[in-house]
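**Q** In our numbering, each number is its position in the sequence shown, counted from 1, plus 681.
Take this structure, written in structure tokens, and hold onto it; I'll ask about it next.
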Amino acid sequence: QEDAADLQKRILGCFRSMSRLFSDAVKAEEHLTMLHQLKDENIWKMFASLLDCATTFNNAWSIRVDLLKSLGEKHELYDFVSTLSMRCSYLLVNKEYVKEILSAASEQKSVGNTKLISSCMDLLTAISSFFPSLLSGFEEDIIELLKEDNEVLKEGIAHVLSKAGGNIREQLASSSSVALLLERLCLEGTRKQAKYSVHALAAITKDDGLMALSVLYKRLVDLLEEKKVHLPSILQSLGCIAQIAMPIFETRGEEIISFITKKILDCSDDTAKVSADKSEWGDSSHSCLLKIYGIKTLVKSCLPCKDAQVHPGIEKLMDILKSILTYGDISPNMISSASDKAHLRLAAAKAVLRLTRQWDHKVPVDVFYLTLRISQDDFPQMRKLFLSKVHQYIKERALDAKYACAFLIGIDDYHTPQYEEFQHNLIEVSQICQQVKMRQLSVQADVNLLTAYPEYIIPYLVHVLAHDPSCPNIDKYEDVKAFAPIYWPLHLLLSTLLGEEGLQYSVPGMKKESFMTTLSIFRSIKCSKDAVDANKTKTLHAICDLGILIAKRLCPDQINVSENQTVPLPAQLYATVQNDQNENPV
């Protein structure tokens, strides 16, 4: 039995969490505490009825009216309970709503209104994500829609089952056809159908799909060698099984990886010689698409949902991605069009971005740079797609802010068309980092842990610029214009961090702190050497001198600031040396 004090503490913790969903969290927490002290049992019975998903719309509405009447308009909790009862009830989304959506989807299939069917499936998927219990009682309707010869319905229902299958598992157990229908989609459906169906199989079975997925896995691997038209969906299914059931995947994982590497990636298309001269951006060839699907399967095999601490295949995958990023194929001897090579490089770069979520420490420096340089590719479509993905992942907190360097290395002039767009993206990235920084400070985290600070992008940018092919040799060039590819990226980042049009600091003194941190980073680099190529050390120091000049010009009122702090630099990029080895400023 739980101790009364512990129970009270847990209740107050729940109130605190719930209060954050209201515009005035402090007031909401007070009201929840007051509501908890009410002794009227009828009030709690009415709340329980509102929380019951089986309560019809009309009954829920009547109960809510009675609840508010029992309090009275003059009660200090009246307005709060009015809002709370609406949020607790299923007045906006309920079983009647689900029934109407299922009926509409069934009716529209005969009419052939694909757009409306798709909208119905989108709504049903959203409901199954947030209110899966509302689908209880409609199992037969769901199964009937899954049986229909309609690709949109199959995809939509498979998606719904992947979300809500666990909640209606017992009711679905009486129908053996569901698993068979989903298994067929894994083998013969589209890639989306296969993806959702694998997750649905895991959701609707008691053992998390281990038995069903084991049987399916054997069939999938056996079908690999046949290389029929369903290979894209088979690869998708194998990748999804690797993510959610790694023990199953490992039983024949080497066989699958070998097949993808030798029979897909290391294989030229029959039409490659004909299309090798194609230099315009366009759709991928069939051979190229299969290679992209193969890469995605390999990536998923290294990103299991559980137990991702150790994976022996990650180094091998990094080698494959490095080759593709370098040559546009698994080896320089492969013949393919410029467009296909670009599509493969983009797929490899996206693969690196995904892998960094769990394996950032396993990404070699050269692979990191090759990935960033996709933003300098000759195909503008490719640059746009890559940068969009970088922006998306950083906003989702799924990618380290150091990848924001991709926005910078393509800038060689402030007249560049994308300058304002990149500046906007950098401000967003800096704001995200700033939020993390403030959160660390609020919980009294180690303030020297600067890796989440926006300024910590600087050591990566300096190193990227020093190793970029466009970086001039400081001993050979005297014309200042030759250093434009270095100046403008550096200026854009520093103006975002310190300039008037960049990051706006809401806390007094934070701009001064940012300036001090920036100078400390540059000075720390000048007390270090290049850990990748010692010959680049002089270039690193020269870029830092340039950065210090830019920072002081952006913050003329801070020039006399003398405080300094030790900044830990990325160990894979910089090695510490004695201060007396520091280079003379340029």
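We put the beta carbon where it would ideally sit given N, CA and C, even for glycine.
Model, not experiment: these values are computed from the prediction.
1) Could you tell me which whole alpha helix (DSSP H) segments of length 4 or greater appear in the segment 840-891?
2) Compute the distance between the beta-carbons of Leu1034 and Leu971, then report whether it is under 8 Å.
3) Mind checking whether Ala1029 and Leu1068 have CB atoms under 8 Å apart?
4) Buried or exposed: Gly846, going by 16 or more other Cβ atoms within 10 Å of its Cβ?
5) Check whether the Cβ atoms of Ser1004 and Ile1011 lie closer than 8 Å to each other.
6) Assuming Val1046 contacts Gln874 under a Cβ cut-off of 8 Å, what Cβ separation, rounded to an integer in Å, is found between them?
7) What's the gap between the Cα of Tyr1141 and the Cα of Asp947?
8) Look up Gly694 in the DSSP assignment and say whether it is helix, strand or coil.
9) Looking only at its own chain, which residues have a Cβ that is under 6 Å from the Cβ of Asn775, when we skip the five neighbours before and after it?
10) His1148 and Tyr1255 - do their beta-carbons sit closer together than 8 Å?
11) Apply the 10 Å Cβ neighbour rule to Cys1225 and answer buried if 16 or more other Cβ atoms are within range, or exposed otherwise.
12) Just checking Tyr778 against the ligand GDP - is the residue's beta carbon closer than 7 Å to any of the ligand's heavy atoms?
13) Check the DSSP bridge columns for Ala1256 and list the partner residues they point to.
14) Pairing CB atoms from the segment 1070-1085 with CB atoms from the segment 1151-1167, are three or more of them under 8 Å?
15) Taking 8 Å as the threshold (C-beta atoms), are Lys887 and Arg933 in contact?
16) Which parts of the segment 1040-1076 are runs of the alpha helix (DSSP H), unbroken and 4 residues or longer, counting only runs that do not cross its ends?
17) Cβ atoms of Gly975 and Ala926: under 8 Å apart, would you say?
18) In the segment 734-802, which residue ranges form an unbroken alpha helix (DSSP H) of at least 4 residues, counting only runs that do not cross its ends?
19) How about Leu862 and Lys899: are their beta carbons less than 8 Å apart?
20) Going by beta-carbon coordinates alone, are Gln1250 and Ser1209 separated by less than 8 Å?
21) Going straight from the alpha carbon of Ser799 to that of Pro813, what length do you get?
22) Please report the Cβ distance between Leu1107 and Leu1173, rounded to the nearest whole angstrom; I am assuming they are in contact, meaning their Cβ atoms lie under 8 Å.
23) Since Ser895 and Ile929 are thought to touch, with beta carbons under 8 Å apart, how far apart are those beta carbons, to the nearest angstrom?
24) What residues in its chain sit with their C-beta under 6 Å from that of Val841, if we drop five residues either side in the sequence?
25) Under the three-state reduction of DSSP, which class applies to Trp725: helix, strand or coil?
26) By DSSP, does Tyr1168 sit in helix, in strand, or in coil?
27) Give the C-beta separation of Val859 and Leu853 to the nearest angstrom, bearing in mind that I take them to be a contact with Cβ-Cβ under 8 Å.
28) Cβ atoms of Gly920 and Pro977: under 8 Å apart, would you say?
29) Pick helix, strand or coil for Val1145, following the three-state DSSP scheme.
30) When the Cα atoms are used, what is the spatial distance from Asp822 to Leu783?
31) Mind checking whether Leu749 and Ile724 have CB atoms under 8 Å apart?
**A** Well, looking at it:
1) Taking only runs of at least 4 residues, the alpha helix (DSSP H) segments lying wholly in the segment 840-891 are 850-853, 858-869, 872-885.
2) In the sequence shown, counting from the first residue as 1, residue 1034 sits at position 353. In the sequence shown, counting from the first residue as 1, residue 971 sits at position 290. Here Leu1034 is not near Leu971, since their CB atoms are 8 Å or more apart.
3) Within the sequence shown, the letter at position 348 stands for residue 1029. Within the sequence shown, the letter at position 387 stands for residue 1068. Annotated as distal: Ala1029 and Leu1068, with beta-carbon spacing of 8 Å or more.
4) On the sequence shown, residue 846 is found 165 positions in, with the first residue counted as 1. Result: buried.
5) Here residue 1004 is taken as the residue at index 323 of the sequence shown, counted from 1. Here residue 1011 is taken as the residue at index 330 of the sequence shown, counted from 1. If you check the CB distance, Ser1004 and Ile1011 come in under 8 Å.
6) In the sequence shown, the residue the question calls residue 1046 occupies position 365. In the sequence shown, the residue the question calls residue 874 occupies position 193. Not really, about 40 Å apart at Cβ, beyond 8 Å.
7) Here residue 1141 refers to the residue found at position 460 when the sequence shown is read from its first residue. Here residue 947 refers to the residue found at position 266 when the sequence shown is read from its first residue. Distance between the alpha carbons of Tyr1141 and Asp947 is about 34 Å.
8) Sequence index remark: in the sequence shown, residue 694 carries index 13 (1-based). Under the three-state reduction of DSSP, Gly694 is assigned to helix.
9) Position 94 of the sequence shown, counting from 1, holds the residue named residue 775. Cβ within range, chain order: Phe738.
10) By 1-based counting over the sequence shown, the position of residue 1255 is 574. By 1-based counting over the sequence shown, the position of residue 1148 is 467. No; because the gap between Cβ atoms is not below 8 Å, this pair is not in contact.
11) The sequence position of residue 1225 within the sequence shown is 544, counting from 1. Buried, since its Cβ has 16 or more Cβ neighbours within 10 Å.
12) No copy of the ligand GDP occurs in the structure displayed, which carries no ligand at all.
13) One-based indexing of the sequence shown puts residue 1256 at position 575. Residue pairing from DSSP places Ala1256 in a beta bridge opposite Lys1210.
14) Counting Cβ pairs under 8 Å, fewer than three are found: no touch.
15) Here residue 933 is taken as the residue at index 252 of the sequence shown, counted from 1. Here residue 887 is taken as the residue at index 206 of the sequence shown, counted from 1. Going by C-beta atoms, Arg933 is not nearer than 8 Å to Lys887.
16) Correct list: 1046-1053, 1061-1076.
17) Stepping through the sequence shown from its first residue, residue 926 is reached at position 245. Stepping through the sequence shown from its first residue, residue 975 is reached at position 294. No, Cβ-Cβ distance for Ala926 and Gly975 is not below 8 Å.
18) List check, alpha helix (DSSP H) in window: 738-752, 759-769, 776-792.
19) Walking along the sequence shown from the start, residue 862 turns up at place 181. Walking along the sequence shown from the start, residue 899 turns up at place 218. Taking 8 Å as the Cβ cut-off, Leu862 and Lys899 do not qualify as a contacting pair.
20) What you label residue 1250 is simply residue 569 of the sequence shown in a count that begins at 1. What you label residue 1209 is simply residue 528 of the sequence shown in a count that begins at 1. For the sequence presented, residue 1250 should be read as Leu rather than Gln. In this structure, Ser1209 lies closer than 8 Å to Leu1250 by Cβ.
21) Position 118 of the sequence shown holds residue 799. Position 132 of the sequence shown holds residue 813. Each residue's alpha carbon lies about 19 Å from the other.
22) If you number the sequence shown from 1, residue 1107 lands on position 426. If you number the sequence shown from 1, residue 1173 lands on position 492. Contact flag correct, Cβ pair sits at about 7 Å.
23) Start at 1 with the first residue of the sequence shown, and residue 895 comes out as number 214. Start at 1 with the first residue of the sequence shown, and residue 929 comes out as number 248. A Cβ-Cβ separation of about 5 Å places Ser895 in contact with Ile929 under the 8 Å criterion.
24) Residue mapping note: residue 841 aligns to position 160 of the sequence shown, counting from 1. The answer, listed in chain order, is Leu805, Thr806, Ser809.
25) For this step, residue 725 is matched to residue 44 along the sequence shown. In the structure shown, Trp725 adopts helical secondary structure according to DSSP, grouped into three states.
26) Numbered from its first residue, the sequence shown carries residue 1168 at position 487. Three-state result, Tyr1168: helix.
27) Counted from its first residue, the sequence shown places residue 859 at position 178. Counted from its first residue, the sequence shown places residue 853 at position 172. Going by Cβ atoms, the distance from Val859 to Leu853 rounds to 5 Å, so yes, they are a contact pair.
28) Taking the sequence shown and counting its residues from 1, one reaches residue 977 at position 296. Taking the sequence shown and counting its residues from 1, one reaches residue 920 at position 239. Contrary to the premise, residue 977 reads as Lys rather than Pro in this sequence. The Cβ-Cβ distance between Lys977 and Gly920 falls below 8 Å.
29) In the sequence shown, the residue the question calls residue 1145 occupies position 464. Helix at Val1145.
30) What you label residue 822 is simply residue 141 of the sequence shown in a count that begins at 1. What you label residue 783 is simply residue 102 of the sequence shown in a count that begins at 1. For Asp822 and Leu783, the distance between alpha carbons rounds to 7 Å.
31) Sequence index remark: in the sequence shown, residue 749 carries index 68 (1-based). Sequence index remark: in the sequence shown, residue 724 carries index 43 (1-based). Against a cut-off of 8 Å, the Cβ pair of Ile724 and Leu749 comes out as no contact.
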